[in-house]
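Enquirer: This is the structure I want to talk about, given as structure tokens.
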Amino acid sequence: MCLCIVTSNKKQSLETKFRLYTDRTEESCLILFNQLETLDQCSFNASLPLVMIVHGWSVDGMLEGWIWKMAAALKSQHKQINVIIADWLTLAHQHYPIAVQNTRYIGQEIADFLEWLEESIQFSRSNVHLIGYSLGAHVSGFAGSYISGTNKLGRITGLDPAGPLFEGMSPTDRLSPDDANFVDAIHTFTKQHMGLSVGIKQPVAHFDFYPNGGTFQPGCHIMHMYNHIAQYGITGIAQTVKCAHERSVHLFIDSLLHQDKQSTAYWCNDISTFDRGMCLSCRKNRCNTLGYNIREQRLPKSRRLFLKTRAHMPFKVYHYQFKIHFINEIQEKQVDPTFTISLTGTKQDAKNLPITLVEGINGNKTYSFLITLDTDIGELIMIKFRWEGTAVWENIWDTVQTIIPWTKGTRRPGLIAKKPCRRGSWSAKLQKQNFNYRKDEISIVCKQNLSSPGKKTKQKHSYTSTHHTFTGI
224 MCLCIVTSNK
234 KQSLETKFRL
244 YTDRTEESCL
254 ILFNQLETLD
264 QCSFNASLPL
274 VMIVHGWSVD
284 GMLEGWIWKM
294 AAALKSQHKQ
304 INVIIADWLT
314 LAHQHYPIAV
324 QNTRYIGQEI
334 ADFLEWLEES
344 IQFSRSNVHL
354 IGYSLGAHVS
364 GFAGSYISGT
374 NKLGRITGLD
384 PAGPLFEGMS
394 PTDRLSPDDA
404 NFVDAIHTFT
414 KQHMGLSVGI
424 KQPVAHFDFY
434 PNGGTFQPGC
444 HIMHMYNHIA
454 QYGITGIAQT
464 VKCAHERSVH
474 LFIDSLLHQD
484 KQSTAYWCND
494 ISTFDRGMCL
504 SCRKNRCNTL
514 GYNIREQRLP
524 KSRRLFLKTR
534 AHMPFKVYHY
544 QFKIHFINEI
554 QEKQVDPTFT
564 ISLTGTKQDA
574 KNLPITLVEG
584 INGNKTYSFL
594 ITLDTDIGEL
604 IMIKFRWEGT
614 AVWENIWDTV
624 QTIIPWTKGT
634 RRPGLIAKKP
644 CRRGSWSAKL
654 QKQNFNYRKD
664 EISIVCKQNL
674 SSPGKKTKQK
684 HSYTSTHHTF
694 TGI
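This is the structure we're talking about:
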């Protein structure tokens, strides 16, 4: 490990250190600005792309462990790249407002360093990918905007770009799509407290990803703060905040380590629409891959993409939409039951998945839900749908009236399932009579389409239940 000091000749006081990762745990070689021999000493390969990791605000003045994990993940999956860590701890380990002021200076220094590489060894800026976390995301943006000439950096990735003192600012005062040929961002902690959020909420890239809505993350519940305090003392509060904020980093690392489990996100207007499963389409480039392997596409306007994840690696889940239509008279009062669904697939089964209602149920209306699975169940064989009525006795009569409408004439009891075996989306029409509102269960068996290939014929399928026989269209 060579030990050198890197400073910009334009800003001698900053002394930003550019550490070339050496494939060994937490070891690096410092490249000295304006001294070509250090490039050779550190084995910098000018023919390979450069990925530069830019950390954020520092509480303890030390490089955090995730930096080395990301560097190792990059090199393990893409050996033919240079990985440099931009170490600006001396100016990041300050009071937050001062560290914010320093982001422009560090951005300028990174721009100077990249221009030096370009001028001295003809290293193309289009081969540069800056990955900035928190304040480091805005540092990367400033670096991209300050670099001279008409050509831009290849790519900038913002990992939960910092929110305080950047939210609502103009594109020139924060990370923006104009800072590189391609900019992507992952927002993981935009939950607001007193009008402020740790991560920036507004779009700042060509593609802005909002895992789990971007406000908070699974496994980072505020109740875990007590465990963190027991483990880390008073700094456990910071650990709770760090959990959701730093999740952006681990989502990116996950995209490197689990090539066979890439997380797909979907373009949607808002999280409430996404939570109804209304946006699960990849047609016309309406979806993209989160992380390192994103499909790069310059857009005239920022595109917001949503996805759900697990609480740990690998974070990928499989998204499905479930639609159900209740054929009933519309009642004045709504029913608020509990639904669960169990799925049998060609690969695996998924049992007792809760269906979250965002509104009470009325008759003669279609409801759509988002269901996520941790594993790929393959092609769908059977759906088992379970209804549990409310336990509040005063609502029982309303529930019975809604499920079994007291009307003249008869209705055909049954469950009408529309294309229930189509992968990724299921829909059903529920018209129930003589059905125990307190607890009952329906099973729908999917059968093969026996029509000749190429013929477009309207088919009927028969679905058998432990309670009824259903006819599907």
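Count along the sequence shown starting at 1, add 223, and that's the number in my numbering. For every residue, glycine included, the Cβ atom is placed at its ideal position computed from N, Cα and C.
Pick out whichever of M536, T532, V540 has its Cα sitting closest to the Cα of L479.
Expert: For the residues M536, T532, V540, the minimum Cα distance to L479 belongs to M536.
Enquirer: Please confirm whether F439 and K414 have their CB atoms less than 8 Å apart.
Expert: Yes, Cβ-Cβ distance for F439 and K414 is below 8 Å.
Enquirer: Would you mind giving the Cβ-Cβ distance between Y590 and F529, rounded to the nearest angstrom? I have them listed as a contact below 8 Å.
Expert: Contact flag wrong, Cβ pair sits at about 19 Å.
Enquirer: According to the Cβ coordinates, are I423 and D402 closer than 8 Å?
Expert: Cβ atoms of I423 and D402: not closer than 8 Å.
Enquirer: At 3 residues or longer, what runs of the beta strand (DSSP E) sit wholly inside the stretch 284–341?
Expert: Whole beta strand (DSSP E) segments, 3+ residues: 305–310.
Enquirer: Using only alpha-carbon positions, find the residue among W339, L353, L259, T326 that is nearest to T395.
Expert: Residue T326 is the option with its Cα nearest to T395.
Enquirer: Which same chain residues end up closer than 7 Å to R533 when comparing Cβ atoms and leaving out the 5 residues on each side of it in sequence?
Expert: Counting only Cβ-Cβ distances below 7 Å, and skipping sequence neighbours, we find P441, V540, D597.
Enquirer: Looking at the secondary structure, which residues open and close the beta strand (DSSP E) in which A403 lies?
Expert: Looking at the DSSP string, the run of the beta strand (DSSP E) that includes A403 is 403–409.
Enquirer: In the DSSP assignment, find the unbroken beta strand (DSSP E) run with D396 in it and report its ends.
Expert: Note, D396: premise wrong, no beta strand (DSSP E); not H, not E.
Enquirer: Assess contact between the stretch 354–374 and the stretch 272–286, defined as three or more Cβ pairs (one per stretch) separated by less than 8 Å. Is contact present?
Expert: In short, these stretches touch, since the Cβ pair count reaches three.
Enquirer: Just the C-alpha distance for E467 and I547, rounded to the nearest angstrom, thanks.
Expert: It should be noted that the sequence gives Ala, not Glu, for residue 467. Rounded to the nearest angstrom, the two C-alpha atoms are 34 Å apart.
Enquirer: What are the boundary residues of the alpha helix (DSSP H) that S363 is part of?
Expert: Run containing S363: 358–369, per the alpha helix (DSSP H) assignment.
Enquirer: Taking C-alpha atoms, which residue in C443, R527, H444 lies nearest to P426?
Expert: Ranking C443, R527, H444 by Cα distance to P426 puts R527 first.
Enquirer: Measure from the alpha carbon of N374 to the alpha carbon of each residue in S347, T567, I308, then state which is nearest.
Expert: The shortest C-alpha separation from N374 is found at S347.
Enquirer: What does A385 pair with, by DSSP beta-bridge criteria?
Expert: A385 pairs with G422.
Enquirer: What whole-angstrom Cβ distance do L513 and L474 have, given they're in contact under 8 Å?
Expert: L513 to L474, Cβ: 6 Å. Contact.
Enquirer: Does the Cβ of L358 have 16 or more other Cβ atoms within 10 Å, making it buried, or fewer, making it exposed?
Expert: By the 10 Å Cβ count, L358 comes out buried.
Enquirer: Exposed or buried, which one is S363 when buried takes at least 16 other CB atoms within 10 Å?
Expert: So S363 ends up on the buried side.
Enquirer: On the three-state DSSP scale, how would you describe I379?
Expert: Reduced to three states, the DSSP call for I379 is strand.
Enquirer: To the nearest angstrom, how far is it from the Cα of A765 to the Cα of I290?
Expert: Any question about residue 765 goes unanswered here, given that the chain covers just 224 to 696.
Enquirer: Where does H278 land, buried or exposed, given buried means 16+ other C-beta within 10 angstroms?
Expert: With 16 or more Cβ atoms within 10 Å of its Cβ, H278 is classed as buried.
Enquirer: With DSSP collapsed to three states, give me the class of A488.
Expert: In this structure, A488 counts as strand in the three-state DSSP scheme.
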